[in-house]
């Protein structure tokens, strides 16, 4: 074979930037006499997997350039060079996937309604069509203002001198398809009155658009001149323009005095009749102020209303004229947590990093990029988020000024502020503090109201009932106390700012008594009928203890259908305490009956009703569908249990808020108040520690134990904990780090790896005797004795009864939000400690469904959703087996990352089509999440530093489709996402049932979908 064997170039080219590709190798025996014989072609991969040639000017030569437009973002393309015929494969071609480059606003254009440039200035009453082209800003929102120039023409944007004629910026969404925003507006004759007040107005008025987008420089378009008169009235017999023309009354008639002459000087009025229709993007100019304006009145001719041009021919069909876009409304409403994750670019400070190895070369840009990527992924850099800061690879690169860095060298680079973002959450525990959020379009400055409603009425008794909770302040939102003084409301009102209204609330009623009732209802479920129990024989209940015992027996018999009684209906439950209430202290005969309540365990699901008044009343319901409801769950108490354990431990170590002492009279052991903070600077024997930059490593007469938890030098320096200390950013002996190191020991101490799971399941005594006593000698192992000796004598311990009393006291204090510890709230997530109490550990669950409102795919050759589960025994399936979960997802459905993690692999499979494999943790276990049959992949495998791309739960990663074996086999209503949960990174093996292992999926996936919902 002769011809081109391979090419080289950028596999991840940046959108709208020029990239060069060149021939890298020829097949043996190939001779190129003229480089113009080398031709190039570009192909795009379709959903079927086939390559489609992209037409364009034929490129020739050994080295050529391509610039990939916005529409090819994330698409799979093939670049190939050839001499005779292309092979349309890799190699010799190269598969490339364009990725975002610099964000920018490329072009701003103003035209008539047919898209034609104005040949002369338009008149008031006519419609202007605006088009804004962006780069790398798909789906984002632009802020657009229409400004009337009051300064000399072409002097740039000046907010001080010019006027936003709309009063406030309008929001427009960038098209996901082509990166373009298009809208229209009418030149309101009323604007002319304002314009004519300026010193620099002549026979024309000048308007320009000012466009702002996050991460892109503000752009303004050159002005469009508008003649100072009203266009002729539209003939009613020419109905091309569907919008009603402005009424003459919008431009009041005025007397016609001679206009005052503007003061003469170096800045004469702008020349009239200079049509300039296209507004290319320009960088924002500095403000230029002309001389003080002289008050001026201008007569406005009342010569009728304007006519837009007739629509251009469209193949014999009448065209629809684009009208002014005034689409306003409510777009979403949800519960949210505020997280500081938004990269603002605003300077915060500097960070000094110490190089940890030798011979790190940084002479070239590529070497700098590699080292910067390594540094950026270090734990101490990731820990910047705790300070609401971040840095970038580019900032680190700029700081790498030497050619080589060795161990111990310092590098200082800039850090930036993280801004707040309001992240949607799917659940939160009762009493949690969250935000109600509503997003809007073109409703800034308006009032929006949000009402929380129950799906089933578990708390308030009826479906659709409004649920009253507390509205709180931003300051109270940050308050660590569990209870704050809020205002109980059913409907919450806020002002829309920047398209969003945010209202802080606490998920509880005002009354503590009602709160306890809510807790009981959430614990028990919703009342659902009664159960009648029949005694099989005679018995007598003599006291409360017997009543309790009999209630337990009755419940057991009812659950099991024993002693001649029917089984409690499936899905329902009864409680012994309710049975106790109906039992009397008396004799019961054979055949006597008692009746007690039954409950149905249901989730407390909520949805939102949002309302706003704009040009019309907007009223919408959100979250009101299966899989979308918000859930109030049991409050997780795991952090409080760990904190209570640490406070209890410190009592025995002599560093707590109370310590052991002797009563001077009775000589009995008592516990007296103690300075809790002093414990952090206390060494063995009561010695004072003056420097907390590191463990003191001093032998205080028999022991090196130091600090609040009396950690010994050898334990602090143990090599098995070194990496973990770095991981958890324990870089000193500070008060917070002493708390954190004790948690590290509870999780990673040899032989105690299950200490936390035992403690968090409520087995406090077991966790202390069998595990905690291994780490701390002050905790009892057997009886009231330590397992360790000191100088041949048993170490003193706190008696177990007293230990448990202290724990209960501190646990109640922690539940009330009172804690003297320095551990930050949310440390469970920092230490990857899974909740083990059956509650919600955080309101921001680290899980997001792979698709919105998940439901099993139903249609095969027949309706059979049961074939879509993970199983090795599915009648109707080939080999009776299915390795994943098939979720209904019509082509183009948005696919999401389920957890925080990184890209493990992105590849194309003959059977699975376009695939993404993500690695991440769920409840402390590492899994691999596999997505197949995608129509597009919206992420890349590696970032610019060559490291695996990081993802957050809920990040869009691709779209569903028909690729691989499903390309031609499926009808439209059969298209789905094939989703797998794996325990290994391999492409095969390790596949486990997603429903059995991911509780959120098991709960929210609709396993019996309606056929009507999958048309």
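Numbering (the numbering used here), first residue to last: 133 to 1147. Just so it is clear, CB atoms sit at the ideal spot from N, CA and C, and this is done for glycine as well.
Distance between residue j and residue i (C-alpha atoms, nearest Å)
i, j, result
"residue 931", "residue 1030", "47 Å"
"residue 981", "residue 1083", "14 Å"
"residue 891", "residue 773", "7 Å"
"residue 198", "residue 236", "19 Å"
"residue 178", "residue 222", "16 Å"
"residue 1123", "residue 210", "33 Å"
"residue 534", "residue 543", "10 Å"
"residue 471", "residue 957", "13 Å"
"residue 1212", "residue 999", "Here the chain covers residues 133 to 1147 and nothing more, so residue 1212 does not appear."
"residue 691", "residue 699", "5 Å"
"residue 1130", "residue 556", "20 Å"
"residue 764", "residue 561", "5 Å"
"residue 194", "residue 154", "6 Å"
"residue 331", "residue 320", "The pLDDT assigned to residue 331 is 41, lower than 50, so where the model puts this residue is not dependable; a value taken from the coordinates is nonetheless given after this. Distance between the alpha carbons of residue 331 and residue 320 is about 21 Å."
"residue 638", "residue 202", "44 Å"
"residue 962", "residue 860", "7 Å"
Residue burial classification, residue i (beta-carbon count within 10 angstroms, cutoff 16)
i, result
"residue 802", "exposed"
"residue 187", "exposed"
"residue 1136", "buried"
"residue 183", "buried"
"residue 159", "exposed"
"residue 901", "buried"
"residue 363", "Because residue 363 carries a pLDDT of 47, less than 50, the predicted location of this residue cannot be relied on, and the following value inherits that uncertainty. Looking at its Cβ environment, which holds 16 or more other Cβ atoms inside 10 Å, residue 363 is buried."
"residue 922", "exposed"
"residue 200", "buried"
"residue 411", "Low confidence applies to residue 411: its pLDDT is 35, below 50, so where it sits in the model is not reliable, and the reading given next is rough at best. Burial call: buried."
"residue 838", "buried"
"residue 1057", "exposed"
"residue 665", "buried"
"residue 251", "exposed"
Beta-carbon proximity list for residue i, same chain, < 7 Å, skipping 5 on both sides
i, result
"residue 473", "550 and 553"
"residue 943", "772, 773 and 776"
"residue 1102", "1094"
"residue 588", "595, 658, 734 and 737"
CA nearest to the CA of residue i, picked from the options
i, options, result
"residue 163", "175, 174, 1046 and 214", "214"
"residue 205", "146, 139, 219 and 159", "146"
"residue 776", "497, 941 and 964", "941"
"residue 265", "315, 1114 and 539", "315"
"residue 730", "745, 701 and 746", "701"
"residue 636", "1141, 467 and 1065", "467"
"residue 240", "920, 1146 and 339", "339"
"residue 599", "606, 985 and 591", "591"
"residue 853", "880, 485 and 839", "880"
"residue 1028", "1061, 1037 and 1043", "1061"
"residue 784", "907, 306 and 717", "907"
"residue 833", "818, 841, 1117 and 827", "818"
Contacting residues, own chain, Cβ-Cβ under 6 Å from residue i (five flanking each side not counted)
i, result
"residue 824", "865 and 866"
"residue 743", "581 and 751"
"residue 608", "616"
"residue 873", "862"
"residue 259", "245, 316, 318 and 440"
"residue 297", "278, 280 and 323"
"residue 721", "670"
CB contact below 8 Å: residue i versus chain E
i, result
"residue 859", "In the displayed structure, chain E is absent; only one protein chain is listed."
8 Å Cβ shell around residue i - same chain, five flanking residues per side excluded
i, result
"residue 151", "141, 142, 145, 197, 198, 199 and 200"
"residue 1015", "1002, 1112 and 1123"
**Asked** What residue ranges within the region 896–921 form continuous alpha helix (DSSP H) runs of no fewer than 4 residues, ordered along the chain?
**Response** 896–899
**Item:** Residue ranges of each beta strand (DSSP E) within the region 499–566, 3 or longer
**Value:** 542–556 and 559–561
**Item:** Segments of 3+ residues assigned as beta strand (DSSP E) that fall wholly inside the region 704–755
**Value:** Counting only runs of 3 or more, we get 725–732, 736–745 and 749–754.
**Request:** Would you list, in sequence order, the uninterrupted beta strand (DSSP E) runs of no fewer than 3 residues that lie entirely inside the region 832–875?
**Result:** none
**Prompt:** Mind pulling the beta strand (DSSP E) runs of 3 or more residues that sit fully within the region 1089–1124?
**Reply:** 1108–1114
**Prompt:** Enumerated in chain order, which unbroken segments of the beta strand (DSSP E) with a length of 3 residues or greater are wholly contained in the region 1013–1052?
**Reply:** You should have 1017–1020, 1026–1028 and 1033–1041.
**Prompt:** What residue ranges within the region 770–816 form continuous alpha helix (DSSP H) runs of no fewer than 4 residues, ordered along the chain?
**Reply:** Complete alpha helix (DSSP H) runs here, min 4: 770–785.
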